[in-house]
Every structure is written in C-alpha cells, then in structure tokens.
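What follows is one structure encoded as structure tokens, with my remarks underneath.
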Amino acid sequence: MSYNDRFIRACRKEQVDRLPAWYMRQAGRYDPDYRKIKENYSLLEICRQPELAAEVSLMPVKKLGVDAAILYSDIMNPVASIGIDFDIVANVGPVIANPIRSAADVANLKPIDVEGDLSHVLETIRILDRELDVPLITFAGAPFTIASYLIEGRPSKSYIRTKTLMYSEPAIWFQLMDKLGDMVIAYLRAHVKAGGKAFQVFDSWVGALSPQDFKTYVLPTIERIFSELSDLKEPKIYFPGVASGELLPTLSSVKADVIGLDWRVPIKEGRRRLGGSYAVQGNLDPYVLTAPMDVIKSYAKAIIDEGIQEPGFVFNLGHGLFPEASLDKLRELTEYVHAYSEEAIAG
Ligand code: CP3
C-alpha cells in the first residue's frame, strides 16, 4: 500500500481529498487485544519492550483505519530520566514517590538523557518508522501538565499544591517550567531524529488556569518549546487540553502548526479565536461515542461541515478515548469521516 500522507498535508493546511482522522488514546484499553497484553505487563513494562510497544501502536492503525499512529508511551516516561521516581497505578494514573515541592527539589532535577535512559522509546519509534504506511505522531506532556503530577504527587481535581507553588513561589515555579521545557525540547527533538513524523504536546490540564495566569505562568515556556523546535519541518501540535477555549486567543505567538480543540468550542469559533493561522484538530466529545451510531454520525457531520470550510483540519476527539469505548463504533466512525468528508470536499 502506498504511504498515506493526508494527516501531514492537513497539518500543513494543504488540500486533501478527504479528512484524516486519528484519536487521542487510540492505543489502549478499549481494545480487547490490548487488555490481553495488559494481563501480563504494566504500561511501563510494555514501553520497555520496543517490539511490543510498536505492536500496540500499530493495533489501531490496522483495526480502525486511522490516518496516523501515535507512539505507545505515557507523558510521564521522560521524567524518570530527570530524577523522578513514579508509577502508573491502574485506575488512578501517575503516582510520584518524591513529589516536587521546594527549591531544593527543583534544583535536584537532572538534565534529560534521552539516548541513555530512554533508548527504548527511540527504538520503538525506529521500528514504527519502518513498519508504518501512515505518519507516526510522537508526544510529550507540556510543562504545566507534567508539573501538576510532579507537585501534587498524583492526579488532582483542584491543582491546589500546583497553584500554591505557582502563586507563592514564582521563582521556583519558573525554574521548574524552565527545566521541564528543556526536557520536552530535547525529548521531542530525539523523537524526530529517530523517525517521528509529527509531534503533539499534551497540556491536558492547563485549562484549569485563567487566560491571564496561563499567559503569565505557562505561555512563555510553551512559546520557547515551539520556537526552539521551529527548525524541524515535522508538523507540531499543541493540545491545550480540556476546557481550554478561553485560552485560544492567547496562543497566536506559539510556533505550532496545529492546535487541538476540546468539544466545548465549535470548530469555526475555535478558528476565529485562534486568528486563522493554525490548522485545527478535534473535537468530538469522547463520551458521544456512547450514543447510537446515527447520533455519533450526526455529531461527526457537524464537525466535518465546519472543519472543511478552510484547509487545515484533522478529525479527532476533544480528549482521549475512555476504556469503555467500542472498537466497532470507532471503526465505523473512521469510515464515516473518510466517506462523508470526501463527498463534501468533492462538493
Ligand atoms: O494511544 C495513545 O494516545 C498513546 C498512548 C498514551 C498513553 N498516555 C498511554 C496510557 C498517551 C498519548 C498518553 C498521554 C497521557 N498520559 C496524558 C495526556 C493525554 C490525556 O489524556 O489528557 C495524560 C494526562 C497522561 C497521564 C496518565 N496516564 C493518566 C491520567 C492515566 C490514566 C489512569 C487510568 O488508569 O485511568 C495514565 C495511564 C495510561 N497511559 C493508560 C494508557 C493506555 C491507561 C492505563 C494502562 O493501560 O496501563
């Protein structure tokens, strides 16, 4: 089969004959074959076996017909290399043995050694680069989202310790943002060198901040990450996570190619808030996937109708897939996105 570059073309706002689709968290627990692998290995054990991690990344490409693969990994993986001891606990998420709370904790963080500590991630990327006939998206967590785990020590709803540090100890906060920014830049650059064809920076929880606090405490680091990587030709995606609609007007200085939208902002309105220069990606509410297929298709149609009004649209969800999602519905949704958008683009 020939290489399918629709995802890359859409990221660059080039013409496509039909819309590309992929799904955040497409490699995961809704797939019974993945759950079978998980009976024997933890997430981190899978990541340390490049052949197996590559197999998991390939599953949704084969089963769903999506136009891009995403590396099987987790946003927490690189922090092991800067001196953080963590685990991914089932049904909880990342749990940190030594949370970051003081100036000394931040000072003790080491520079990342991607080739040394994370060679298994690079090897997974190399395997996928050989095997895929669609682009491989690699990813990193954004500094705020990573910091929220490092400071809270576990998933949080209020981000109280994170915000306490941010507001009370801004010098420590910015030092932490700088170090995590350096980590993200080195990690993503190594991904591209190993064969990644695009990357996404997941800022899943930054919507917890007001636009003003986002601008003050987070945006400078996001700007730096994308500016320092702007020599790379591979498409760059920034996903400001859930409830990020109010942040969109602040993003115009970020040198990303694509901005991910959550489902609270219609595509047309998202584009308006962003000011027109970015491609956009999104934004079906993942929980719409619990509805009957005709309802799912009507939501997808509304997104596609707005998405194709301008070049530069990638069909996705507004946040990651949940474990109860159905493989059959996802396959049918992907087929629908392809067929309906092709018809609509042809006019
Ligand atoms: O398919 C893909 O998207 C690639 C794999 C991927 C994982 N995590 C694997 C994973 C990706 C892109 C991530 C990113 C990630 N990890 C984010 C950003 C995306 C988002 O959802 O906002 C965040 C916030 C994390 C941190 C994290 N890791 C959480 C909150 C959890 C869920 C805990 C739970 O069990 O409900 C994880 C665990 C995790 N990462 C799973 C997977 C497939 C599920 C548990 C497992 O299979 O072991």
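Residue numbering for the sequence shown follows UniProt numbering, beginning at 1 and increasing consecutively.
Where is the CB? At the ideal position from N, CA and C, for every residue including glycine.
When DSSP labels each residue in this structure, what does residue i get in the three-state scheme?
{"i": "asparagine 108", "result": "coil"}
{"i": "proline 50", "result": "helix"}
{"i": "alanine 171", "result": "helix"}
{"i": "tyrosine 340", "result": "helix"}
{"i": "tyrosine 238", "result": "strand"}
{"i": "asparagine 77", "result": "helix"}
{"i": "valine 114", "result": "helix"}
{"i": "valine 16", "result": "coil"}
{"i": "residue 357", "result": "Because the chain in this structure spans residues 1 to 347, residue 357 falls outside the shown range and cannot be described."}
{"i": "phenylalanine 322", "result": "coil"}
{"i": "glutamine 212", "result": "helix"}
{"i": "proline 155", "result": "coil"}
{"i": "leucine 232", "result": "coil"}
{"i": "asparagine 316", "result": "strand"}
With a threshold of 7 Å (Cβ to nearest heavy atom), would residue i be considered close to the ligand CP3?
{"i": "phenylalanine 202", "result": "yes"}
{"i": "methionine 183", "result": "no"}
{"i": "alanine 90", "result": "yes"}
{"i": "serine 158", "result": "no"}
{"i": "tyrosine 336", "result": "no"}
{"i": "proline 94", "result": "yes"}
{"i": "isoleucine 100", "result": "no"}
{"i": "tyrosine 72", "result": "yes"}
{"i": "lysine 36", "result": "no"}
{"i": "residue 350", "result": "Here the chain covers residues 1 to 347 and nothing more, so residue 350 does not appear."}
{"i": "glycine 141", "result": "yes"}
{"i": "glycine 28", "result": "yes"}
{"i": "arginine 25", "result": "yes"}
{"i": "isoleucine 75", "result": "yes"}
{"i": "glycine 320", "result": "yes"}
{"i": "proline 220", "result": "no"}
Sort the options by Cα distance to residue i and report the nearest one.
{"i": "aspartate 67", "options": "Leu333, Val95, Glu343", "result": "Leu333"}
{"i": "alanine 80", "options": "Asp262, Ile112, Asp178, Lys38", "result": "Ile112"}
{"i": "arginine 25", "options": "Gln175, Met59, Phe174", "result": "Met59"}
{"i": "glycine 28", "options": "Ala346, Glu335, Val337, Gly320", "result": "Gly320"}
{"i": "glutamate 324", "options": "Thr290, Ala198, Pro311", "result": "Thr290"}
{"i": "isoleucine 237", "options": "Gly275, Lys193, Gly312, Ala90", "result": "Gly312"}
{"i": "glycine 245", "options": "Gly207, Val254, Tyr159, Gly275", "result": "Gly207"}
{"i": "cysteine 11", "options": "Arg271, Lys297, Asp257, Tyr217", "result": "Asp257"}
{"i": "leucine 284", "options": "Gly318, Ile259, Ile70", "result": "Gly318"}
{"i": "leucine 251", "options": "Tyr149, Thr221, Asp133", "result": "Thr221"}
{"i": "glycine 260", "options": "Ser227, Ser204, Arg9", "result": "Ser204"}
{"i": "arginine 264", "options": "Arg271, Pro249, Val242", "result": "Val242"}
{"i": "glycine 307", "options": "Gly270, Glu169, Ile96", "result": "Gly270"}
{"i": "glycine 249", "options": "Pro266, Lys255, Leu274", "result": "Here the sequence assigns proline to residue 249, which means glycine is not the residue at that position. It is Leu274."}
{"i": "alanine 147", "options": "Asp31, Ala300, Arg130, Arg161", "result": "Arg161"}
{"i": "isoleucine 127", "options": "Cys47, Pro20, Met293, Phe322", "result": "Cys47"}
{"i": "tyrosine 72", "options": "Val121, Asp294, Lys62", "result": "Val121"}
{"i": "isoleucine 303", "options": "Lys38, Ala344, Ser277, Gly83", "result": "Ala344"}
{"i": "glycine 153", "options": "Arg101, Ala339, Tyr30", "result": "Arg101"}
{"i": "isoleucine 84", "options": "Leu176, Leu19, Asn316", "result": "Leu176"}
{"i": "serine 341", "options": "Asn316, Lys329, Ser326, Asp305", "result": "Asp305"}
{"i": "aspartate 31", "options": "Arg189, Leu330, Ile125, Ile296", "result": "Leu330"}
{"i": "lysine 63", "options": "Asp33, Phe86, Lys13, Leu19", "result": "Asp33"}
{"i": "aspartate 178", "options": "Glu228, Asp129, Ser156", "result": "Glu228"}
Looking at the ligand NAP, does it come within less than 7 Å of residue i, judged from the CB to the closest heavy atom?
{"i": "leucine 43", "result": "Ligands present in the displayed structure are limited to the ligand CP3, and the ligand NAP is not among them."}
Which word fits residue i, buried or exposed, when buried means at least 16 other C-beta atoms lie within 10 angstroms of its C-beta?
{"i": "asparagine 40", "result": "exposed"}
{"i": "alanine 142", "result": "buried"}
{"i": "glycine 116", "result": "exposed"}
{"i": "proline 78", "result": "buried"}
{"i": "valine 314", "result": "buried"}
{"i": "tyrosine 3", "result": "exposed"}
{"i": "glutamate 55", "result": "buried"}
{"i": "arginine 224", "result": "buried"}
{"i": "asparagine 91", "result": "exposed"}
{"i": "asparagine 108", "result": "exposed"}
{"i": "tyrosine 167", "result": "exposed"}
{"i": "residue 366", "result": "Because the chain is modelled from 1 through 347, residue 366 falls outside the range shown and cannot be assessed."}
{"i": "serine 253", "result": "exposed"}
{"i": "valine 61", "result": "buried"}
{"i": "proline 286", "result": "buried"}
So residue i and residue j are supposed to be a Cβ contact under 8 Å. How far apart are they, rounded?
{"i": "proline 99", "j": "isoleucine 151", "result": "6 Å"}
{"i": "valine 201", "j": "phenylalanine 239", "result": "7 Å"}
{"i": "leucine 180", "j": "tryptophan 173", "result": "Going by Cβ atoms, the distance from leucine 180 to tryptophan 173 rounds to 11 Å, so no, they are not a contact pair."}
{"i": "phenylalanine 139", "j": "phenylalanine 226", "result": "Going by Cβ atoms, the distance from phenylalanine 139 to phenylalanine 226 rounds to 14 Å, so no, they are not a contact pair."}
{"i": "leucine 43", "j": "isoleucine 88", "result": "5 Å"}
{"i": "methionine 76", "j": "tyrosine 187", "result": "12 Å between Cβ atoms; not a contact."}
{"i": "serine 230", "j": "lysine 255", "result": "5 Å"}
Using a Cβ-Cβ cut-off of 8 Å, state whether residue i counts as contacting chain C.
{"i": "alanine 97", "result": "In the structure shown, chain C does not exist; there is a single protein chain."}
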